[in-house]
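Written below as structure tokens is the structure these notes are about.
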């Protein structure tokens, strides 16, 4: 079971709640929620690795990641403004390896039901937990 820690204020706006839930879905391997939350033409850039184009390419990436067992997710901050957002925190894997991350998002609109259009992920290994 994954231990999840998120700030209490994440529920005070629809986009903050969406980004909180989106990151929890990554930690728990909830591919269905992730794919429902991104736009059909989503672009996901993993800085230093590769860029994924479209929902199908993101689904392939999630399939590749399915054996990565997350022990703990800590979300430090969720920031949103208009059609943009960012989340930072740490993730610890079952094997003890730990990573700091920051994901920067662009939504399809400023509306509360907007999908994620772009995601840029910065991930740094910080050693064992």
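Numbering (the numbering used here), first residue to last: 1320 to 1448. Positions of the beta carbon are idealized from the N, C-alpha and C atoms, including for glycine. In this text the structure is predicted, and so the values were computed from the model without any measurement.
Nearest neighbour of residue i, chosen from the options [CA to CA]
| i | options | result |
| --- | --- | --- |
| residue 1324 | 1407, 1435 and 1388 | 1407 |
| residue 1423 | 1410, 1365, 1379 and 1350 | 1365 |
| residue 1349 | 1381, 1411 and 1445 | 1381 |
| residue 1420 | 1322, 1328, 1327 and 1346 | 1346 |
| residue 1389 | 1326, 1383, 1415 and 1370 | 1415 |
| residue 1359 | 1326, 1367 and 1372 | 1372 |
| residue 1442 | 1368, 1395, 1432 and 1387 | 1368 |
| residue 1418 | 1386, 1370, 1351 and 1394 | 1394 |
| residue 1425 | 1370, 1361 and 1326 | 1361 |
| residue 1409 | 1432, 1444, 1327 and 1433 | 1444 |
| residue 1439 | 1327, 1412 and 1370 | 1370 |
| residue 1413 | 1387, 1331 and 1437 | 1387 |
Residue i classed as buried or exposed, judged by whether at least 16 other C-beta atoms fall within 10 angstroms
| i | result |
| --- | --- |
| residue 1435 | buried |
| residue 1404 | buried |
| residue 1320 | exposed |
| residue 1342 | buried |
| residue 1384 | exposed |
| residue 1429 | exposed |
| residue 1322 | exposed |
Beta-bridge partners of residue i, as assigned by DSSP
| i | result |
| --- | --- |
| residue 1386 | In the DSSP output, where bridge partners are listed per residue, residue 1386 has none listed. |
| residue 1405 | 1398 and 1423 |
| residue 1324 | 1393 |
Contact belief for residue i with residue j at Cβ below 8 Å, rounded distance in angstroms
| i | j | result |
| --- | --- | --- |
| residue 1374 | residue 1357 | 6 Å |
| residue 1377 | residue 1354 | 7 Å |
*Counting pairs of beta carbons, one from the stretch 1328-1339 and one from the stretch 1392-1408, are three or more of them closer than 8 Å?*
yes
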